[in-house]
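My numbering runs 31 ahead of the 1-based position in the sequence shown.
The structure appears right after this line, and notes come after that.
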Amino acid sequence: MGVPDPRHSRALLVGVSEYPRLPPDRWLPTVAAGLHRLVEVLRDDRVWGLPEQNCTVLDQPPDSDTVITALRKAAKEARDALVFYYAGHGLVDPAIADEQLHLALPQSYEPGGTHMALSYAHVRREFRVSARQAQRRLVTLDCCWSGKALGTTMGGDDIVGETAIEGTAVLTATAATKKALAPAGEQYTAFTGALIDTLVSGIDDGPELLDLGTIYRHLDAVQSGRGRPRPQFGGTGIGMGMTWTRNVAWRPSAPDTTAPVASAPGADSAERVRQFRRAGEYAEAEALQQEAVARADPDAVRARVSELRRSGNYEQALKHEQTIRPD
């Protein structure tokens, strides 16, 4: 499976940088810069090539109805990929028991102003109800507490959200208990800046096509190396392995003229699975891995166990783990 077909994909990018009901030092001027640069990047043929008419940009949307109406329209039109991006303040109200994530809009304020914001629950609703025909779905949030969209505060590869959207990947700037950064003197917010750089510059030694897992691991390494909040990644189904963009840094490798080295059947299967995934052929990779798991190949079983744990299927992971014969 290659990059999503731009003709049949839709993206909605939302940014809120000015908040009249908050002090000026709470405004986020770098959000607007990142919003418009990210739009340019996604339209770039070297990256994705999304047509202008398929990419809706809401800079300072007046209310939640404006956002949801645009998202609903994009969701119903998308046949391949549906992408939703938000950058701004993330709000929670400690006085409300569930402390749900809200995406701040221009008239939002603190404390107690979440009713003037967009509840993430409404975004999740559109992905579940309106986007049923979209084959690939991505939500990416650049705001404080954005990890709440995953329903957990686990880090690294162990993210499983109780609030996950079926078949959708969710990439967030921070964990549920962390603030996002808008460093002084930088052109963009920390997370969006790293995302833009990844898409524009590519990933050295990465695959020809960038799936979200590869993008997430790269962002995690970059942000943790800078001492910045670590991004979070979760979701279910095909969304977790969604191929999104081309890798600008990829170059075809020179033909290998050396004689092939014989390998064990299990190792050969594992390598072929990796090759299929690097090429974006996830259905083929899945079928091959299931075949290897069925014959109790230890490497394949361990890989399946790891994937099941990342997706929160701990009982299935344990059952598979018990099939591995001790050395």
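We put the CB at the ideal spot given by N, CA and C, even for glycine.
Check your understanding: In angstroms, rounded to a whole number, what distance separates the CA positions of residue 155 and residue 161?
Key -> The straight-line gap from Cα to Cα measures roughly 10 angstroms.
Check your understanding: Considering only the beta carbon of each residue, do residue 34 and residue 92 sit closer than 8 angstroms?
Key -> No, they are not a contact pair.
Point to revise | Cβ pair residue 217, residue 100 closer than 8 angstroms | key: Taking 8 angstroms as the Cβ cut-off, residue 217 and residue 100 do not qualify as a contacting pair.
**Study point:** Of the residues 234, 70, 274 and 132, the one placed nearest residue 168, counting alpha carbons only
**Key:** In this structure, 274 is the residue among 234, 70, 274 and 132 with its C-alpha nearest to the C-alpha of residue 168.
Check your understanding: Should residue 41 go down as buried or exposed, given a rule of 16 or more other Cβ atoms within 10 Å for buried?
Key -> So residue 41 counts as buried.
Review point. Out of curiosity, what's the CA-to-CA distance linking residue 95 and residue 176?
Key: C-alpha separation (whole angstroms): 19 angstroms.
Check your understanding: Can you tell which of 238, 243 and 75 has its C-alpha closest to the C-alpha of residue 281?
Key -> The closest CA to that of residue 281, considering only 238, 243 and 75, is found on 238.
Check your understanding: Should residue 63 and residue 36 be called a contact, given that it needs their Cβ atoms to be closer than 8 angstroms?
Key -> No, the pair does not count as a contact, with Cβ atoms beyond the cut-off.
Review point. Helix, strand or coil: which one does DSSP assign to residue 328?
Key: Residue state, collapsed to three classes: coil.
Check your understanding: What do you reckon, are the CB atoms on residue 172 and residue 204 nearer than 8 angstroms?
Key -> Less than 8 angstroms divides the Cβ of residue 172 from the Cβ of residue 204.
Check your understanding: Under 8 angstroms, do residue 224 and residue 119 count as touching if we go by C-beta distance?
Key -> Contact: no.
Point to revise | Sequence-distant residues of the same chain with beta carbon closer than 7 angstroms to residue 233, five excluded per side | key: 278, 279, 280 and 281, listed in sequence order.
Exercise for review: Count the other C-beta atoms from every protein chain shown that fall within 10 angstroms of the C-beta of residue 261, then say buried if there are 16 or more, exposed otherwise.
Suggested key: Residue 261 comes out buried.
**Study point:** Chain-order list of residues whose beta-carbon lies under 8 angstroms from that of residue 255 (same chain, five-residue window excluded)
**Key:** Beyond the five residues adjoining it in sequence on each side, residue 255 comes within less than 8 angstroms, by CB distance, of 261 in the same chain, given in chain order.
**Study point:** 8 angstroms Cβ cutoff met for residue 140 and residue 68
**Key:** Not in contact: residue 140 and residue 68 (Cβ atoms no closer than 8 angstroms).
Practice item. Report the three-state DSSP secondary structure of residue 190 (helix, strand or coil). Key: For residue 190, the predicted model reports a pLDDT of 34, less than 50, meaning its position is unreliable and no value from the coordinates is stated.
Review point. At which residues does the alpha helix (DSSP H) containing residue 247 begin and terminate?
Key: Start and end: 243 to 256.
Exercise for review: Answer yes or no: do residue 244 and residue 272 have a C-beta to C-beta separation smaller than 8 angstroms?
Suggested key: Yes; because the gap between Cβ atoms is below 8 angstroms, this pair is in contact.
Practice item. Per DSSP, which residues does residue 114 bridge with? Please list them. Key: As a beta-bridge residue in DSSP terms, residue 114 pairs with 42 and 169.
Review point. How many Å lie between residue 302 and residue 322 at the Cα?
Key: Cα to Cα, the separation comes out at about 14 angstroms.
Review point. Is it buried or exposed for residue 353, if we count other Cβ within 10 angstroms and need 16 for buried?
Key: Exposed, because fewer than 16 other Cβ atoms sit within 10 Å of the Cβ of residue 353.
Review point. Are there 16 or more other CB atoms within 10 angstroms of the CB of residue 208, so buried, or fewer, so exposed?
Key: Its Cβ having fewer than 16 others within 10 Å, residue 208 is exposed.
Practice item. Quick one: using the 10 Å Cβ neighbour count with 16 as the cut-off for buried, is residue 263 buried or exposed? Key: Classification of residue 263: buried, given that the 10 Å Cβ count is 16 or more.
Practice item. Please state if the CB of residue 142 and the CB of residue 47 are separated by a distance shorter than 8 angstroms. Key: The Cβ atoms of residue 47 and residue 142 lie no closer than 8 angstroms to each other.
Point to revise | Cα-Cα separation between residue 320 and residue 326, rounded to whole angstroms | key: Residue 320 and residue 326: Cα-Cα distance of roughly 10 angstroms.
Check your understanding: Thinking C-alpha only, which one of 258, 228 and 257 is nearest residue 246?
Key -> Measuring from the Cα of residue 246, the nearest candidate turns out to be 228.
Review point. Which whole-angstrom value is the C-beta distance of residue 165 and residue 206, which I expect to be below 8 angstroms?
Key: So it is not a contact: roughly 27 angstroms between Cβ atoms.
Practice item. Taking all protein chains shown into account, decide if residue 259 is buried (16 or more other Cβ within 10 angstroms of its Cβ) or exposed. Key: Its Cβ being crowded by 16 or more others within 10 Å, residue 259 is buried.
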